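Inspection log for the structure reproduced underneath, given as structure tokens.
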Amino acid sequence: MIDEPARRAPREWGGIRAPNLLLDERQKVMGGNAPRMRTSLDAVPVFEAGVSGFGPVKHRMNFNENPFGPLPSVLDVVRETAAGLNRYPDMLNSSLIETIAEHFGVAQESVAVGGGGAAVLQQLLLAAVDQGDEVVFPWRSFEAYPILTSVVGARQVRVPLSGVDQDLESMLGAITDRTRLVFLCNPNNPTSTAIDHDALDGFIDRAPEHVLIVLDEAYREFVRAPEVPDGIRRYGDRPNVAVLRTFSKAYGLAGLRVAFTVAHPTVARAVRKTALPFGVTRLAERAAQASLRASDELFARVETIVKERERMESTLRAQGWPVARSETNFLWLPMKARSADFGEACRRDGVLVRAFPDEGVRITVDEERANDIVLSIAQEFARS
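Going by the UniProt record's numbering, the sequence shown runs without a break in its numbering and finishes at 384.
So this is what it looks like as structure tokens:
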């Protein structure tokens, strides 16, 4: 277990490195007369636009986006809704909550929505965690976990992965009386692996009741292994489990920012209290509803991505790379010390992938042409 204080957040998110400028800016620009900001924010990076330096980007395979645009029926709804952009959206998102509840077979009282997955994660933290409380999460995992934990002033407790898998036994051992929330990413970003129902049942059954377990299922729609549980169906009635879903990945609405959690009504009520007013726009709300109504068409596209994922996995293994079985829309290539070089090689060919220096490379499954460029570069690295 690695016990990390809140002041030590990652220095980058999404592959964009950024220096910590907060303290320096206060001292240099305003001297000793600067307003006093929260010290926990000194750990949060200030983002700057990254420049590739290798010519135009042809394929963006570093954000786990859906390569397909919204369905025509969804775009029609967006166009119709755009005429009313002079009006505020429903602050309670009642219609969207009703649609989500009906689609997933849960009570409306168990649903809370927000402006994207990271926003809902922050709402969950604000609802459950006080300053100085502990938040346990696997590492490496979703890069927002340590950043958002720092933002709310909580203490990070990072538990190293066991290879490419989340170490649930060590995570249980990391829970203390000060722990208020645990993040589990299933499947895990960036390693693409998933926790099966036996292991997850055991973790949830043994975790203290005072700890909120946030099951982050942002990539659930890409799961094909039958042993990986659907968190909403399996744990929807657990009082200390909140399941996160997003419309950014499988549904292809990353640019509109909308996600939701299904939790016990008491938890969902608290999460709704922490939501930014009007945080889910009218466009996002209507597009999400239209996407749920078009699920059959959308999941035909998801199946195309899954088949392409399987082709890429097979090709990379044939090249000699130890690629884990992915249950997501991306692959994890454990290149270790060569990760940064691989990322730069891809950029030279106009492709952005997500390189984690000295660890590995996360490659979003894109269209076949883009995927073949990355596979060709991987073959060159395998030979060298």
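Note that CB positions come from ideal geometry on N, CA and C, so glycine has one too.
Computed from a predicted structure; not experimentally measured.
Classify residue i: buried if its beta carbon has 16 or more other beta carbons within 10 angstroms, exposed otherwise.
i: aspartate 366; result: buried
i: tyrosine 88; result: exposed
i: threonine 39; result: exposed
i: glutamate 143; result: buried
i: methionine 312; result: buried
i: arginine 180; result: buried
Am I right that residue i and residue j are in contact with their C-beta atoms under 8 Å? What's the rounded C-beta distance?
i: glycine 343; j: valine 353; result: 6 Å
i: glutamate 134; j: arginine 155; result: 5 Å
i: residue 388; j: alanine 268; result: Absent from the model: residue 388. The displayed extent of the chain is 1 to 384, so no value can be given.
i: phenylalanine 203; j: glutamate 327; result: In fact, because the Cβ distance is near 18 Å, the residues do not count as touching under 8 Å.
i: glutamine 166; j: proline 138; result: 4 Å
i: glutamate 308; j: leucine 71; result: Contact flag wrong, Cβ pair sits at about 19 Å.
Can you tell me which of the three DSSP states residue i falls into?
i: glycine 117; result: helix
i: alanine 355; result: strand
i: serine 162; result: strand
i: glycine 50; result: Below a pLDDT of 50, predicted positions are generally treated as unreliable, and glycine 50, at 47, falls in that range; no measurement from the model is reported.
i: leucine 125; result: helix
i: glutamate 344; result: helix
i: histidine 210; result: coil
i: isoleucine 363; result: strand
i: valine 302; result: helix
i: arginine 155; result: strand
i: leucine 316; result: helix
i: phenylalanine 330; result: strand
Judging by CA-CA distance, which residue of the options is the nearest neighbour of residue i?
i: residue 461; options: Arg38, Thr99, Ala82, Val113; result: No information on residue 461 is available, as it lies outside the stretch 1 to 384 that the chain covers here.
i: asparagine 371; options: Thr315, Ser141, Ser326; result: Thr315
i: arginine 220; options: Phe299, Ile377, Arg317; result: Phe299
i: arginine 293; options: Gly115, Val74, Met37, Arg206; result: Val74
i: valine 152; options: Gly132, Gln319, Glu308; result: Gly132
i: cysteine 346; options: Asn329, Gln123, Arg317, Gln379; result: Gln379
i: proline 239; options: Asp205, Gly320, Arg245, Val228; result: Asp205
Name the DSSP beta bridge partners of residue i, please?
i: threonine 246; result: Ala259
i: threonine 179; result: Glu134
i: valine 111; result: Val262
i: lysine 336; result: Glu359
i: arginine 60; result: Leu352
i: aspartate 216; result: Cys185, Leu244
i: tryptophan 139; result: Pro160
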